[in-house]
Each structure stands twice: as C-alpha cells, then as structure tokens.
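Protein sequences, first through last, are from chains A and B.
Position in the first sequence counted from 1, then plus 26, gives you our numbering.
Position in the second sequence counted from 1, then plus 374, gives you our numbering.
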Amino acid sequence: KAGVTQTPRYLIKTRGQQVTLSCSPISGHRSVSWYQQTPGQGLQFLFEYFSETQRNKGNFPGRFSGRQFSNSRSEMNVSTLELGDSALYLCASSLEGANYGYTFGSGTRLTVV
Amino acid sequence: AQSVTQPDIHITVSEGASLELRCNYSYGATPYLFWYVQSPGQGLQLLLKYFSGDTLVQGIKGFEAEFKRSQSSFNLRKPSVHWSDAAEYFCVSASGGSYIPTFGRGTSLIVHP
Numbered sequence: 027k028a029g030v031t032q033t034p035r036y037l038i039k040t041r042g043q044q045v046t047l048s049c050s051p052i053s054g055h056r057s058v059s060w061y062q063q064t065p066g067q068g069l070q071f072l073f074e075y076f077s078e079t080q081r082n083k084g085n086f087p088g089r090f091s092g093r094q095f096s097n098s099r100s101e102m103n104v105s106t107l108e109l110g111d112s113a114l115y116l117c118a119s120s121l122e123g124a125n126y127g128y129t130f131g132s133g134t135r136l137t138v139v
Numbered sequence: 375a376q377s378v379t380q381p382d383i384h385i386t387v388s389e390g391a392s393l394e395l396r397c398n399y400s401y402g403a404t405p406y407l408f409w410y411v412q413s414p415g416q417g418l419q420l421l422l423k424y425f426s427g428d429t430l431v432q433g434i435k436g437f438e439a440e441f442k443r444s445q446s447s448f449n450l451r452k453p454s455v456h457w458s459d460a461a462e463y464f465c466v467s468a469s470g471g472s473y474i475p476t477f478g479r480g481t482s483l484i485v486h487p
C-alpha cells in the first residue's frame, strides 16, 4: 500500500513569506502528526490531527498552523517565515495515535533565505 | 513529564560486529516504546515496538530490543551489523493516555568496513 506522501520535497522561501506543506497519510489512518527536525533541536512535535480536529499541539508560535481534511490529508502552514524555520518537516500517520506507532513521510526540506 | 535518554550521540562499529544502542525512559507506568531509524534526508522508519508481554521484541532488518522494567531501559541490539545500517536511530516513548510521543535525541551509527 502507498506510504505517507509529503509534497513538495524541497522548498526555498524568503523571510516574511508564508508556506504550505502537504501530507497524504496511509489510507485508513486517521491520525496525522507534524514534526520539525533541526540539527540543534532534534525532533520537535508541532501538532496532531485526528478526524479533522487538532488533538494535540506542541510548543510552537501561532505562526505554525495546520488542518486536516475529511479524507485525512493534512496541511501545515507557516506564516511570516523566519530564518530559524529552516528545517526538515516530517509528517507521520497512524491508525489512532502515537501508541500504535507512526509511519513517516520522507519530509519537506524548507530553506528560508 | 516523560523523557527519553539516548546516552550515546555517536557509536562506531566495524561491519560484522554486534551492536547495542542504549535507551532509558522516564515514566511512572510502562510506556509504549519504539525504535525508529532515519537515513540521511529521509523520514523515520519503524524498526520495532513494545506494548506489553514478552520483553524481547523482534523487529525488521534483524534488530531486536529488550525491555527491562527494573532499569527503565529499552536497548536495541543487532548481532551482526551491515554497512547499510549506518543511520540515525531514535528511541521513542508514548504513554497510554497521551498521543504525543517523546523522542530521544538520537544515536548516530557509523559502520566501518
């Protein structure tokens, strides 16, 4: 079966712009989570959506937002980009949540210049 | 709050040698425990998971992990390392009541020919 698909794979944006990243989970998975990975901070949890509702949120500013559609596809948006937002953004899907284990996508590499 | 400690930032082994990656968790009850592997520039792949029952868990790619409640540990092992095992390894915990996983900082495995 198809894995978790993230688009685009690479992205270069200018400071102050906004960006939208997309994630298509494994069919049947209702939980979608987003993570930011940087060399300095490691993997940090952004938020989790379950059945179109944000169920959990990490400690990130309001510039980071997301949503989940009825087909479980998810998007995350970052507004007013800062240089420090440069990172690998990973999406992961699960049947019900963290306890079931996640299947990760390959990520979107965002570079802010 | 939960925490996961991977005390080794880097580990270097020779191809064919055995491997043990250490992981300690901090949580009152027995958490759900996972090991993931990440190749450079890629997402994370689930190697194995422990929920309950037999404390020795078999995973993919010849990996196994042993849960030791008395030591709050969940160490990952492989009897004979292959060059393709060179990657970053993450130990992850999730509690029964939370859908937010806690990631260790990762251990980078270097394999010498």
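All C-beta atoms, glycine included, are put in the ideal place defined by N, C-alpha and C.
Query                                                                                                                       : Result
Interface partners of serine 132 (chain A) on chain B, CB under 7 Å                                                         : Gln416 and Gly417
Three or more C-beta pairs below 8 Å linking the segment 81-92 of chain A and the segment 378-395 of chain B                : no
Members of the segment 419-451 of chain B that neighbour chain A once the beta carbon cut-off is set at 8 Å                 : Gln419, Leu420, Lys423 and Phe425
Minimum Cβ-Cβ distance from glutamate 74 (chain A) to chain B less than 8 Å                                                 : yes
Continuous beta strand (DSSP E) stretch holding phenylalanine 76 (chain A): start and end                                   : 68-76
Contacting residues, own chain, Cβ-Cβ under 6 Å from phenylalanine 477 (chain B) (five flanking each side not counted)      : Phe464 and Val466
For tyrosine 424 (chain B), the residue or residues it bridges with in DSSP                                                 : B:Leu407
Beta carbon of arginine 451 (chain B) nearer than 8 Å to that of glutamine 380 (chain B)                                    : no
is_contact[alanine 468 (chain B), chain A] using C-beta, thresh 8 Å                                                         : yes
CB contact check: arginine 396 (chain B) to chain A, cutoff 8 Å                                                             : no
Option nearest lysine 435 (chain B) by Cα separation, candidates B:Phe441, B:Ser482 and B:Ser458                            : B:Ser458
Supposed contact pair isoleucine 52 (chain A) and serine 96 (chain A) - C-beta distance, whole angstroms, cut 8 Å           : That belief does not hold up - the Cβ atoms of serine 96 (chain A) and isoleucine 52 (chain A) are roughly 16 Å apart, past 8 Å.
Touching by the beta-carbon criterion (3+ pairs, under 8 Å), the segment 43-59 of chain A and the segment 98-110 of chain A : yes
Reference glutamine 64 (chain A); option with closest CA among A:Thr40, A:Glu78, A:Thr129 and A:Leu109                      : The identity of residue 64 (chain A) in the sequence shown is threonine, whereas the question assumes glutamine. With distances taken between Cα atoms, threonine 64 (chain A) lies closest to A:Leu109.
CB contact below 8 Å: phenylalanine 86 (chain A) versus chain B                                                             : no
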